[in-house]
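Residue numbers (this note's numbering): 126 to 259.
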């Protein structure tokens, strides 16, 4: 198994650098299979969301579609895929931040009752509680 960095996925999805896009596609086609998958960890997914939203100004629906596609590729293994699917669903349906949703899901999987935060926006994601700082 090989790990894939955020920039490989960006080139693959955005195709803003022709040579790197071809190299990324070739890497997936020649090195990533169900028997020997490419690995995408949670940090890479959070970075990917951030890059697509901020640097490339992708629409939420386009980001969700791209991530959904990655989740379905048989030659890729996504770390905590169930948590990613749940965070992606919340991102699409409730308009929450993907990273907050994933963070919450990972903490719940680890046995946390909820996640404490000062970030009011994060409390839109299930599993967060706001710290009263008045």
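Yeah, the Cβ is synthetic: ideal placement off N, Cα and C, and Gly gets one too.
Element boundaries [alpha helix (DSSP H), containing residue i]
i           : result
residue 134 : 131-139
residue 170 : 167-175
residue 194 : 185-197
residue 155 : 143-156
residue 253 : Element bounds for residue 253: not the alpha helix (DSSP H) but the beta strand (DSSP E), 253-255.
residue 230 : 223-234
Beta-carbon gap between residue i and residue j smaller than 8 Å
i           : j           : result
residue 242 : residue 256 : yes
residue 178 : residue 188 : yes
residue 191 : residue 138 : yes
residue 223 : residue 174 : yes
residue 157 : residue 228 : no
For residue i, the nearest candidate out of the options (CA to CA)
i           : options       : result
residue 126 : 195, 149, 162 : 162
residue 238 : 155, 134, 230 : 230
residue 170 : 154, 142, 132 : 132
Straight-line gap, residue i to residue j (C-alpha atoms, nearest Å)
i           : j           : result
residue 147 : residue 130 : 16 Å
residue 181 : residue 128 : 23 Å
residue 144 : residue 236 : 44 Å
residue 159 : residue 165 : 14 Å
residue 149 : residue 168 : 19 Å
residue 226 : residue 215 : 7 Å
residue 199 : residue 219 : 28 Å
residue 185 : residue 234 : 26 Å
Cβ shell of residue i (< 8 Å), same chain only, five flanking positions each side left out
i           : result
residue 196 : 203, 206, 209, 210, 213
Enclosing beta strand (DSSP E) for residue i [first to last residue]
i           : result
residue 203 : 201-203
residue 241 : 240-242
Neighbourhood of residue i by C-beta, 6 Å cutoff - its chain only, sequence neighbours within 5 removed
i           : result
residue 221 : 215, 249, 250
Residues near residue i in its chain [Cβ-Cβ closer than 7 Å; skip 5 each side]
i           : result
residue 194 : none
residue 183 : 177
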